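Presented below is the structure to which this report refers.
In this note's numbering, the protein residues as written are 11 to 222.
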């Protein structure tokens, strides 16, 4: 279960997602279920956090990410450091040489609407690391509350580079439905369902998960 604590202007959050597959921006990573822990601390409008994705039954590519973000008005600015590695390989976390690193450094800008216009637009740019094409990814989201459930519609487009596709293309279309499932009078378990379409790869995936 997610934990939160606040002291003055500081708060922290921690949760763990158990997903049937790890799919990010229309790309599938690994072949089995994925455990995805997240931890963050926020002071006023500044957040520092970590996120990971680890296969439960296979020894494939694993991922550990770190980020820092700052929010002001409707805008959120962030820098992400994505690090993917193989358990059977020799990848070095501290290798940041552009020719050999497996890190991806990304700059993000997101502008979010309000309750009357629940739209958000994300722009992201791989400015350093393993993606030498320095890809640009754009994603438009629409969020809608339905009683105690949440529906998120999204459309993701690669505008530059070749990380997500060989050319400019839509790579991530779909929706995510989340709803708390009551287990007892005091405890519920959030259920997550995502339908993800990658038109460029002609792939459709239905991903299920729960949040602890």
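No residue lacks a Cβ here, since even glycine has one placed at the ideal position from N, Cα and C.
Note that the structure is predicted; figures quoted are calculated from it, not measured.
- According to the DSSP assignment, residue 192 belongs to the beta strand (DSSP E) that extends over 179 to 192.
- The C-alpha of residue 173 lies about 7 angstroms from the C-alpha of residue 143.
- For residue 113, the secondary structure class from DSSP, reduced to helix, strand or coil, is strand.
- DSSP places residue 62 in the strand class (E or B) of the three-state scheme.
- Judged by DSSP secondary structure, residue 47 falls within the beta strand (DSSP E) whose first and last residues are 44 to 53.
- Nearest to residue 147 by C-alpha distance, out of 44, 159, 74, 37, is 37.
- Pairing residue 95 with residue 200, the inter-Cα distance amounts to about 29 angstroms.
- Taken through DSSP and simplified to helix, strand or coil, residue 80 comes out as strand.
- Assignment of residue 70 by DSSP, reduced to helix, strand and coil, places it in the coil class.
- Per DSSP, residue 103 is not a residue of any beta strand (DSSP E), being assigned neither H nor E.
- Boundaries of the beta strand (DSSP E) around residue 154: 146 to 156.
- Rounded to whole angstroms, the gap between the alpha carbons of residue 27 and residue 47 is 6 angstroms.
- Within the model, the alpha-carbon separation for residue 207 versus residue 42 is close to 19 angstroms.
- In this model, residue 126 and residue 114 are separated by some 35 angstroms (Cα to Cα).
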